[in-house]
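Residues are numbered in this note's numbering as their position in the sequence shown, beginning at 1, plus a constant of 925. Beneath this line is the structure, given in structure tokens, with notes to follow.
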Amino acid sequence: MTRERPDLLRRLADEHARRARESLLRRVRTVEPGGGAHIVVDGKRLANFASNDYLGLARHPRLVEALVRAARSDGVGSGAAHLLGGHRDAHSRLEEALARWTGRERALLFSTGYMANLGAIGGLVGANDVCVQDRLNHASLLDGARLAGCTLKRYVHADVASAARQLAARPEAAALLASDGVFSMDGDVAPLGELAALCTAQDATLMVDDAHGLGVLGPDGAGSVAEAGLSQHDVPVLVGTLGKALGTFGAFVAGSSALIDGLVQGARPFVYTTAMPPALAAATCAAIDVARFEGWRRDRLARLVAHVRHGAAARGIALMASRTPIQPVPVGDGAAALAVSMQLAERGFFVPAVRPPTVPPGQSRLRLTLSAAHEESDVERLLDALVDALDRAVPGPSRSSATRGPSFDGKG
Ligand SMILES: *Cc1c(COP(=O)(O)O)cnc(C)c1O
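Next up, the structure:
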């Protein structure tokens, strides 16, 4: 009997060809900073409306200075995992600063947000447990539940009744309910107060990934959970990332001493990885200072958000329901979204198209993000270019209905 074993690389190439045919290829572009909120792509300087550097801190002189000074005295690499001699004073100071800022007892550093989510979920739940998640949660939360080997139940986006049904289906199982605080591709804020009440009523533990809320929302930028007035008791597991509004790199889990002690022992992405460079921790301490105390950055961001929403409405451009710096422009078709993005690049703007599988089929969009480093004039020019690009790429009697796209509820 002859067996035809599939060739793995051939299969990968076939899949690549399919994605190319369907205009779904993703491409790594090498970019350079272009000053302010600009980047240089393929030799062309573009206003960058794609970055998660919401407060404009990634190039802030205080952060750069802190990084360089710490690297001069401590070197670059930490040399080991936290438990094996890699944990330095800068790490401890950063963990304390994060705990203070978020109003939690303790915080634990992870190398990335992806790993923080794998670590927190894997440290808390296992085979006999259930993890209930919003359908539009970040991929790392979904992967965390898959890797933990628990039962993963997903609920209709931002629908607390749907979440309640998923929890009620397994009343005997230990349960973790996990949600993004601000949804990364949609920009809306989770119904955190209601989710907290649900978890209290059903004896479930609530975990919030505030990657896009920290630094942006809440008093002193303490995030979406602080904005909702929720304590460590309400949201026992809080994840934040350092590579977005804080402008550096890395992530943390914050909560009670019991949580952190448990994760130090049992969170594999914490135990089995090299500690982040201590100079990065020092730079992030500086970033927290700037983020907390330069409130004008958040005020400016809020003004830019209002400007984009008013300007889009005045031009008949439909935006998704978001009050955060993530202001996606729905297009629907993947090829059309790509065409709009390319037109915008020609006019001097970097606004990438987000297509399946990052978003559900038929819900391709431009993921437009704002930063305190933008000027109002940048936003005006972007909106003018956007009207033209949408008119060309999305023909039809009414642009505003053609671009509104399908409803998100119940899909995905
Ligand atoms: C970006 C992001 C992550 C991953 O964080 P990294 O530090 O980039 O790995 C996790 N969750 C959400 C919601 C994110 O947007």
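All C-beta atoms in this analysis are idealised placements derived from N, C-alpha and C, irrespective of residue type, glycine included. This structure is a prediction, so every number in the text was calculated from the model and none was measured.
Contacts around residue i, its chain only, beta-carbon distance under 7 Å, and the 5 residues preceding and following it disregarded
{"i": "I964", "result": "V956, E957, P958, L971, N973, F1275"}
{"i": "V1001", "result": "P1202, A1204"}
{"i": "R1329", "result": "Its pLDDT being 39, under 50, R1329 is placed unreliably by the model, and nothing is read from it."}
{"i": "H985", "result": "G1172, V1215"}
Reduced DSSP secondary structure (H/G/I, E/B, other) of residue i
{"i": "V1085", "result": "helix"}
{"i": "E957", "result": "strand"}
{"i": "F1195", "result": "helix"}
{"i": "T1283", "result": "coil"}
{"i": "I964", "result": "strand"}
{"i": "V1114", "result": "strand"}
{"i": "V1319", "result": "coil"}
{"i": "I1242", "result": "coil"}
{"i": "V1141", "result": "coil"}
{"i": "S1296", "result": "coil"}
{"i": "F1108", "result": "coil"}
{"i": "Q1157", "result": "coil"}
{"i": "T1328", "result": "Any answer about T1328 is weak, because its pLDDT of 41 lies below 50 and its placement is not dependable; what the coordinates show is given next. Three-state result, T1328: coil."}
{"i": "H951", "result": "A small correction: the amino acid at residue 951 is Arg; His does not occupy that position in the sequence shown. Three-state DSSP puts R951 in coil, outside helix and strand."}
{"i": "R928", "result": "coil"}
{"i": "S1247", "result": "coil"}
{"i": "G1172", "result": "coil"}
{"i": "A1212", "result": "helix"}
{"i": "R1095", "result": "coil"}
{"i": "R935", "result": "helix"}
{"i": "A1147", "result": "coil"}
{"i": "P1203", "result": "helix"}
{"i": "H1063", "result": "coil"}
{"i": "E1152", "result": "helix"}
{"i": "E1219", "result": "coil"}
{"i": "G1236", "result": "helix"}
{"i": "G1069", "result": "helix"}
{"i": "A945", "result": "helix"}
Cβ-based neighbour list, residue i, same chain, cut-off 8 Å, excluding 5 preceding and 5 following
{"i": "Q1058", "result": "L1066, L1067, A1070, L1077, K1078, R1079, Y1080, L1102, A1103, S1104"}
{"i": "P1277", "result": "A975, S1266, L1291, R1292"}
{"i": "P1253", "result": "M1110, D1111, G1112, L1244, M1245, S1247, V1279, R1290, L1291, R1292, L1293"}
{"i": "L1123", "result": "V1085, A1088, A1089, L1092, L1102, A1129"}
{"i": "S911", "result": "In the structure displayed, the chain extends from 926 to 1337; residue 911 sits before or after that span and is not available."}
Residues that DSSP places opposite residue i in a beta bridge
{"i": "G1180", "result": "R1031"}
{"i": "G1165", "result": "F1177"}
{"i": "M1132", "result": "A1103, V1162"}
{"i": "R1079", "result": "Q1058"}
{"i": "R1290", "result": "P1255, V1279"}
{"i": "R1356", "result": "Lying outside 926 to 1337, the shown extent of the chain, residue 1356 is not represented and no answer is given."}
{"i": "V1189", "result": "None; V1189 has no bridge partner."}
Cutoff 6 Å; reference residue i; Cβ partners in own chain excluding five residues on either side
{"i": "D1145", "result": "R1217"}
{"i": "R1018", "result": "C1210"}
{"i": "G1335", "result": "The predicted model places G1335 with a pLDDT of 31, which falls under 50 and marks its position as unreliable; any figure quoted below should be read in that light. Cβ within range, chain order: V1081."}
{"i": "G1138", "result": "G1106, V1107, G1148, S1149"}
{"i": "G1038", "result": "A1136, T1166, A1176"}
{"i": "I1251", "result": "G1112, T1294"}
{"i": "D1084", "result": "none"}
{"i": "R1225", "result": "A1297"}
{"i": "A1264", "result": "A1318"}
{"i": "Q1268", "result": "A1314"}
{"i": "V1050", "result": "C1056, A1073, C1075, L1101"}
{"i": "A942", "result": "none"}
Inter-residue CB distance, residue i and residue j (contact presumed, cutoff 8 Å)
{"i": "A962", "j": "D1303", "result": "7 Å"}
{"i": "V1319", "j": "A1243", "result": "With a Cβ gap of about 11 Å, V1319 and A1243 do not count as contacting."}
{"i": "N1062", "j": "A1098", "result": "Not quite, the Cβ-Cβ distance comes to about 19 Å (not below 8 Å), so this is no contact."}
{"i": "A1153", "j": "L1131", "result": "About 11 Å; that fails the 8 Å criterion."}
{"i": "E1030", "j": "A1024", "result": "6 Å"}
{"i": "A1207", "j": "L992", "result": "7 Å"}
{"i": "V1164", "j": "N1042", "result": "6 Å"}
{"i": "R1223", "j": "G981", "result": "In fact, because the Cβ distance is near 11 Å, the residues do not count as touching under 8 Å."}
{"i": "Q1157", "j": "G1172", "result": "At roughly 26 Å, the Cβ-Cβ gap does not stay under 8 Å, so Q1157 and G1172 are not in contact."}
8 Å Cβ cutoff, residue i in contact with chain B
{"i": "V1279", "result": "This model lacks chain B altogether; it includes just one protein chain."}
In chain order, what are the residue ranges of uninterrupted alpha helix (DSSP H) at least 4 long that sit wholly in the region 975-1055? 986-999, 1014-1027, 1038-1049
What are the start and end residues of each continuous beta strand (DSSP E) run of 3 or more residues lying completely inside the region 1249-1281, in chain order? 1254-1257
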